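A.B. asks: Structure provided below as structure tokens; questions to follow.
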Amino acid sequence: MGDAALLVRWGDAIDLATNARVLALLAALDRQPIAGVIDLVPAYASLLVVFDPLRVAAAALRGGIGRRLARLAVSEPGVAESVVEIPVAYGGAAGPDLAAVAHELGITPAEVVRRHTATEYRVYFLGFIAGFPYLGCAAPTLEVARLATPRTQVPAGSVGLAGAQSGIYPQASPGGWRIIGRTTRRLFDPASDPPTLVQPGDRVRFTVRRGAAMPPTQETEAASVGLPPTGAVPWLRVVAVGPGATVQDGGRRGYGRYGVAASGAADREALCLGNALLGNPTDAAALELTLGGGIFAITAPCVI
Numbered sequence: 021m022g023d024a025a026l027l028v029r030w031g032d033a034i035d036l037a038t039n040a041r042v043l044a045l046l047a048a049l050d051r052q053p054i055a056g057v058i059d060l061v062p063a064y065a066s067l068l069v070v071f072d073p074l075r076v077a078a079a080a081l082r083g084g085i086g087r088r089l090a091r092l093a094v095s096e097p098g099v100a101e102s103v104v105e106i107p108v109a110y111g112g113a114a115g116p117d118l119a120a121v122a123h124e125l126g127i128t129p130a131e132v133v134r135r136h137t138a139t140e141y142r143v144y145f146l147g148f149i150a151g152f153p154y155l156g157c158a159a160p161t162l163e164v165a166r167l168a169t170p171r172t173q174v175p176a177g178s179v180g181l182a183g184a185q186s187g188i189y190p191q192a193s194p195g196g197w198r199i200i201g202r203t204t205r206r207l208f209d210p211a212s213d214p215p216t217l218v219q220p221g222d223r224v225r226f227t228v229r230r231g232a233a234m235p236p237t238q239e240t241e242a243a244s245v246g247l248p249p250t251g252a253v254p255w256l257r258v259v260a261v262g263p264g265a266t267v268q269d270g271g272r273r274g275y276g277r278y279g280v281a282a283s284g285a286a287d288r289e290a291l292c293l294g295n296a297l298l299g300n301p302t303d304a305a306a307l308e309l310t311l312g313g314g315i316f317a318i319t320a321p322c323v324i
């Protein structure tokens with residue numbers, strides 16, 4: 021995986037036994053860290069080990085992983101697991117695909133809900149977007165294909181089916197899973213550590229949520245979340261944004277297991293230098309103008 025990561029792979033199967041081995045090695049590397057490893061990213065049947073090649077050589081890292089694998093007993097505990105209950109409003113506007121799923125499976129919508137709530141799911145891993153859990157079970161009772169054409173916008177909290185798995189959208193995003201309901205539980209909170217409601221290896225149980233208002237859509241949710249008072253004065257007004265303009269900082273290494281991409285400035289040295297010239301922390305956020313074209317108006321005295 022390039023000069024700064026190794027991929028430990030057990031196969032290509034999507035099953036609980038294979039995933040348990042992934043999570044067992046994840047737990048072993050958490051208990052006995054290897055110097056120079058900066059992120060561990062589990063998936064269905066593999067574990068990505070991201071490292072700093074200036075701190076540890078790939079050969080030494082491979083040896084350290086191999087020794088931990090050799091000592092890993094089948095009965096050895098994996099990651100600490102919790103049981104998380106997810107209340108769901110099924111059908112209607114919250115679950116636009118429930119009736120179609122029932123028709124495709126030859127059962128009633130009520131039976132879809134019964135099977136979904138009767139199944140205990142395991143969190144294989146988090147990915148796609150931050151906090152999105154891929155949930156599987158030992159004996160799938162609901163198995164449907166993804167939508168032929170994905171939706172451009174799926175509301176936050178939507179609970180979906182794809183193949184033999186279930187998933188929950190932590191924020192509004194495009195998506196092709198079959199949406200059968202929606203929850204009000206918040207799956208991702210960047211202000212918390214860890215930032216996700218569930219973690220790899222956790223067990224999830226869905227319950228029927230009744231008699232409460234539906235969660236807000238992305239638009240009303242965004243409007244209801246105000247910025248905290250900081251006393252800061254807005255000094256930069258965006259007139260035009262060129263292609264590829266983003267806000268970047270030093271990145272988020274170490275959160276890959278929660279589905280959080282490392283991101284960060286493309287030119288880390290330029291970010292550090294610019295911040296040093298301004299007396300900022302070296303990883304403070306900055307505007308990254310990839311292809312130019314940005315136009316800004318200054319509204320208060322400042323230094324850029």
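Position one of the sequence shown corresponds to residue 21 (this note's numbering), numbered consecutively onward.
Ideal Cβ placement from N, Cα and C applies to all residues, glycine included.
In this text, all values refer to a predicted model and were calculated from it rather than measured experimentally.
What are the complete beta strand (DSSP E) segments, minimum 3 residues, inside the stretch 71-140?
C.D. replies: Taking only runs of at least 3 residues, the beta strand (DSSP E) segments lying wholly in the stretch 71-140 are 103-110.
A.B. asks: Determine, using beta carbons only, whether residue 283 and residue 264 come nearer to each other than 8 Å.
C.D. replies: No.
A.B. asks: Straight-line CA distance for residue 182 to residue 77?
C.D. replies: So the alpha carbons of these two residues sit roughly 40 Å apart.
A.B. asks: Go ahead and label residue 310 buried or exposed: buried means 16 or more other beta carbons lie within 10 angstroms of its beta carbon, across all protein chains shown.
C.D. replies: Exposed: under 16 other Cβ atoms inside 10 Å.
A.B. asks: When the Cα of residue 227 is compared with those of 43, 86, 110 and 92, which residue comes out closest?
C.D. replies: The option with the nearest alpha carbon to residue 227 is 110.
A.B. asks: Spatial neighbours of residue 82 within its chain, please: CB distance less than 8 Å, with the 5 preceding and 5 following residues excluded, ordered by chain position.
C.D. replies: Result list for residue 82: 26, in chain order.
A.B. asks: Contact check, residue 197 vs residue 180 under 8 Å by CB: the rounded distance?
C.D. replies: Their Cβ separation, rounded to whole angstroms, is 3 Å, which keeps residue 197 and residue 180 in contact under 8 Å.
A.B. asks: Considering only residues of the stretch 250-317, which uninterrupted alpha helix (DSSP H) runs meet the minimum length of 4 residues and lie entirely inside it, listed in chain order?
C.D. replies: The qualifying runs are 288-298.
A.B. asks: Cβ atoms of residue 88 and residue 48: under 8 Å apart, would you say?
C.D. replies: Yes, these two residues count as a Cβ contact at 8 Å.
A.B. asks: Out of 30, 275 and 142, state which residue places its alpha-carbon closest to the alpha-carbon of residue 224.
C.D. replies: The option with the nearest alpha carbon to residue 224 is 142.
A.B. asks: Just tell me which of 316, 312, 287 and 114 has its CA closest to the CA of residue 302.
C.D. replies: Ranking 316, 312, 287 and 114 by Cα distance to residue 302 puts 287 first.
A.B. asks: Could you tell me if residue 170 is buried or exposed, where buried requires 16 or more neighbouring beta carbons within 10 angstroms of its beta carbon?
C.D. replies: Exposed, by the Cβ-count rule.
A.B. asks: On the criterion of 16 or more Cβ atoms from any shown chain inside 10 Å, does residue 50 qualify as buried, or is it exposed?
C.D. replies: It is exposed - the Cβ of residue 50 has fewer than 16 other Cβ atoms within 10 Å.
A.B. asks: Could you tell me whether the Cβ atoms of residue 277 and residue 319 are closer together than 8 Å?
C.D. replies: Their beta carbons are not under 8 Å apart, which means residue 277 does not touch residue 319 by this criterion.
A.B. asks: Give me the Cα-Cα distance between residue 321 and residue 255, rounded to the nearest whole angstrom.
C.D. replies: Taking the straight line joining both Cα atoms gives about 7 Å.
A.B. asks: Residue range of the beta strand (DSSP E) that residue 181 falls in?
C.D. replies: Element bounds for residue 181: 178-182.
A.B. asks: Reducing DSSP to helix, strand and coil, say where residue 59 ends up.
C.D. replies: The answer is strand: DSSP assigns residue 59 an E or B state.
A.B. asks: Can you name the start and end residues of the alpha helix (DSSP H) that residue 51 belongs to?
C.D. replies: Taken as a continuous stretch (DSSP letters only), the alpha helix (DSSP H) holding residue 51 covers 36-51.
A.B. asks: What does DSSP give as the partner residues of residue 226 in its beta bridges?
C.D. replies: In the DSSP output, where bridge partners are listed per residue, residue 226 has 106.
A.B. asks: Indicate whether residue 145 and residue 188 have their beta-carbon atoms separated by less than 8 Å.
C.D. replies: It is not a contact, given that the beta carbons lie outside the stated cut-off.
A.B. asks: So does the stretch 146-165 actually touch the stretch 203-221, counting three or more Cβ pairs closer than 8 Å?
C.D. replies: Segments in contact, yes.
A.B. asks: Out of 213, 324, 69 and 308, which has the shortest C-alpha to C-alpha gap to residue 296?
C.D. replies: Closest option to residue 296, Cα to Cα, is 324.
A.B. asks: By a C-beta neighbour count over all protein chains shown, 10 Å radius and 16 as the cutoff for buried, is residue 73 buried or exposed?
C.D. replies: Flag for residue 73 reads exposed.
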